[in-house]
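Colleague: I have a structure here, written as structure tokens, and I will follow up with some questions on it.
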Amino acid sequence: MMRRPRKDAAMRTFSEFQIIGHVGKVRSVGPTLRVDVAAEYGRKDDAGQFQSNPYWNEVTLFNERVIAWAKDHVKTGDLVHVRGTLRQTRYEKDGQTIYGVTLAADDFDLLAPKAQVGA
Numbered sequence: 007m008m009r010r011p012r013k014d015a016a017m018r019t020f021s022e023f024q025i026i027g028h029v030g031k032v033r034s035v036g037p038t039l040r041v042d043v044a045a046e047y048g049r050k051d052d053a054g055q056f057q058s059n060p061y062w063n064e065v066t067l068f069n070e071r072v073i074a075w076a077k078d079h080v081k082t083g084d085l086v087h088v089r090g091t092l093r094q095t096r097y098e099k100d101g102q103t104i105y106g107v108t109l110a111a112d113d114f115d116l117l118a119p120k121a122q123v124g125a
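Under my numbering, residues 7 to 125 are what the sequence shown spells out, in order.
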């Protein structure tokens, strides 16, 4: 049964993402920092051997303090947790509309340095 919404209830909408994965490339782009993060969706093949299947996502950091912290503390291979908002983007290039998605990080936390991962 569907309820009728209360008149005073504000509808909250959101578009969020969350990734726990390993850091790949880290690079500055203008005032932002872009970090590639891989979540592993591996599986066993027919022979019972593990087959790696990473899903890479590029997250963008906008906050100056978080960028400074990440540049000093985050290295390739580190395990991180990232949470933030999704934004669809589009722009024109050579008469074509190019679509994309920006993963804008609100939270960026180091869970374990590479040296401790799997130890």
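Using N, Cα and C, we set each Cβ at its ideal position, and we do this for glycine too.
To the nearest angstrom, report how far apart A53 and I26 are at their CA atoms.
Modeller: Translated into positions along the sequence shown, residue 53 becomes position 47. Translated into positions along the sequence shown, residue 26 becomes position 20. Using only the alpha carbons, I get a separation of about 28 Å.
Colleague: Which residues in the same chain as T82 place their Cβ atom closer than 6 Å to its Cβ, once the five residues preceding and following it in sequence are excluded?
Modeller: If you number the sequence shown from 1, residue 82 lands on position 76. Excluding positions up to five away in sequence, the list reads V29.
Colleague: Any contact between the segment 68-76 and the segment 102-119? By contact I mean 3 or more CB pairs, one from each, below 8 Å.
Modeller: Touching, yes.
Colleague: Just confirm the distance between the C-beta atoms of R49 and R40, as a whole number of angstroms; I'd bet it's less than 8 Å.
Modeller: Taking the first residue of the sequence shown as position 1, residue 49 is located at position 43. Taking the first residue of the sequence shown as position 1, residue 40 is located at position 34. Contact doesn't hold; Cβ gap of about 29 Å is too wide.
Colleague: I'd like the list of long-range same chain contacts for I73, defined as Cβ closer than 6 Å, with 5 residues on each side in sequence excluded.
Modeller: Position 67 of the sequence shown holds residue 73. Contacts found: L39, L67.
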